[in-house]
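Numbering (the working numbering), first residue to last: 2 to 407. The block underneath contains the structure these notes are about, expressed in structure tokens.
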């Protein structure tokens with residue numbers, strides 16, 4: 002049984018009764034939305050998940066940050082910073098050009114052909130500026146269409162993709178800012194459903210990053226503070242039909258901090274933590290007969306009004322209690338030996354009333370010459386709420402193009 006907190010994605014797919022159940026499962030779990038046999042026992046009595054369209058935009062694409070339980074606001078810079086915090090790119094070493102290729106199987110325990118691919122590129126312009134670009138492609142595999150009589154109507158491969166470009170600038174030796182622009186394309190039916198079109202939108206990311214100076218500590222150690230903040234996917238609503246309902250993008254606020262210890266010439270340890278919250282309005286409680294809002298505020302508002310409303314406790318059915326429940330917490334730990342071998346771990350917490358996604362993560366990283374390899378693995382912390390990435394190995398390949406050409 003698919004849980005009652007299905008994302009807007011599943012709402013869209015439900016319009017097409019001829020789809021096989023596989024498409025429904027994919028939609029429900031596209032962002033790790035839980036699927037349980039007894040939803041009432043897996044979630045709180047006040048279940049009210051904040052949902053959006055194109056939730057794939059909020060999925061962390063790479064294995065390094067996946068191993069850190071999706072902590073990414075204040076991590077050190079790499080080519081995948083385009084997703085987590087564009088402003089980090091300004092701290093690339095001058096003359097550096099990197100590319101990253103990432104692959105994540107999705108729902109592999111249920112279906113073999115759903116996956117997320119992400120390719121990113123970053124290069125420094127000079128010691129204070131850098132640019133980046135990325136392409137995200139989410140394949141929902143092959144889906145069979147049948148009409149209401151069960152007659153075969155054909156097969157197709159729905160997909161969603163986005164293309165980003167970004168720019169980062171150092172404001173000082175320690176601070177940087179960044180901006181990214183994104184084009185979004187979502188094709189769920191490929192013309193198989195009358196009146197349904199591919200959804201398209203554009204969005205932007207705004208971010209800031211702080212990397213402190215290394216300070217001397219006792220016993221020859223050194224350390225520094227890290228901080229990052231990013232608003233991502235701030236953009237126009239998306240619609241799948243002419244004049245139809247428009248849905249919010251997964252606009253997200255990510256704030257994170259960390260501390261990096263350089264224990265000696267060979268060993269370093271970084272502790273990191275992020276807080277995330279969606280900047281879209283919470284669904285109110287409505288009268289089932291009239292649709293009148295009984296608790297909270299109407300969520301049929303514009304993008305900026307939705308951002309403001311997401312911070313307003315009075316706009317939520319249960320006020321301040323629900324406001325705090327909408328924060329997601331992530332912590333991660335990254336250990337490096339001689340810049341060659343890394344061990345990572347992390348934990349994510351989400352409130353029981355907002356999806357109840359709780360899991361542990363682990364992974365390793367290897368750097369050799371101009372190449373880097375990252376792997377991550379997810380372990381659910383809640384047996385009643387499943388993750389599409391559970392017990393799945395994700396991997397990333399990073400390449401320093403300077404080293405190859407030089």
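C-beta: ideal position from N, C-alpha, C; glycine also. This structure is a prediction, so every number in the text was calculated from the model and none was measured.
- When 208, 361 and 188 are compared, the shortest CA-CA separation from residue 241 is found for 188.
- If you draw a straight line from the Cα of residue 222 to the Cα of residue 295, it comes to about 58 Å.
- The way I'd put it, the region 279-291 doesn't touch the region 342-351; fewer than three beta-carbon pairs between them come closer than 8 Å.
- In the three-state reduction of the DSSP assignment, residue 94 falls in the coil class, being assigned neither a helical nor a strand state.
- Per DSSP, residue 75 lies in no beta strand (DSSP E) segment and is marked neither H nor E.
- The shortest C-alpha to C-alpha distance from residue 225 to any of 55, 255 and 76 is the one to 76.
- Classified as buried, residue 121 has 16 or more neighbouring CB atoms from the shown chains inside 10 Å of its CB.
- Fully enclosed beta strand (DSSP E) runs of no fewer than 3 residues occupy 268-279 and 294-296 of the region 262-325, in order along the chain.
- Counting along the chain, no beta strand (DSSP E) covers residue 67; the unbroken alpha helix (DSSP H) around it starts and ends at 64-68.
- Collapsing the DSSP output to three states places residue 256 in a strand.
- In this structure, residue 231 sits away from residue 169, with a CB-CB distance that is not shorter than 8 Å.
- Going by beta carbons, residue 392 and residue 357 fall outside the 8 Å limit.
- Distances from the alpha-carbon of residue 336 to those of 313, 365, 315 and 329 put 365 closest.
- In this chain, the beta strand (DSSP E) harbouring residue 337 covers 329-338.
- Remark: three or more beta-carbon pairs, one from each stretch, lie closer than 8 Å, so the region 98-116 and the region 137-145 are flagged as touching.
- Counting along the chain, no alpha helix (DSSP H) covers residue 54, and no H or E run does either.
- Checking the DSSP bridge columns, you'll see residue 249 has no partner listed.
- Nearest to residue 361 by alpha-carbon distance, out of 83, 66 and 171, is 66.
- If you draw a 10 Å sphere on the C-beta of residue 310, you find 16 or more other C-beta atoms in it, and that means buried.
- Distance check between residue 276 and each of 74, 160 and 341 places 74 closest, using alpha-carbon atoms only.
- Residue 85: member of the alpha helix (DSSP H) spanning 82-85, first to last residue.
- Here DSSP, grouped into helix, strand and coil, assigns residue 114 to coil.
- Boundaries of the beta strand (DSSP E) around residue 170: 160-171.
- When the beta-carbon positions are compared, residue 72 and residue 257 come within less than 8 Å of each other.
- Cα atoms of residue 105 and residue 363: separation of roughly 15 Å, rounded to the nearest angstrom.
- Residue 298 is positioned such that its CB atom lies closer than 8 Å to that of residue 316.
- Closest by C-alpha distance to residue 63, out of 54, 46 and 84, is 84.
- Using a Cβ distance threshold of 8 Å, residue 102 and residue 397 count as a contacting pair.
- For residue 241, there is no enclosing beta strand (DSSP E), as DSSP gives it neither H nor E.
- Under DSSP, residue 106 takes part in a beta bridge, and its partners are 116.
- The beta carbon of residue 380 is closer than 8 Å to those of 360, 361, 362, 363, 391 and 392 in its chain, skipping five residues each way along the sequence.
- In the structure shown, residue 223 falls within a strand segment according to DSSP collapsed to helix, strand and coil.
- Under the three-state reduction of DSSP output, residue 367 falls in the strand class.
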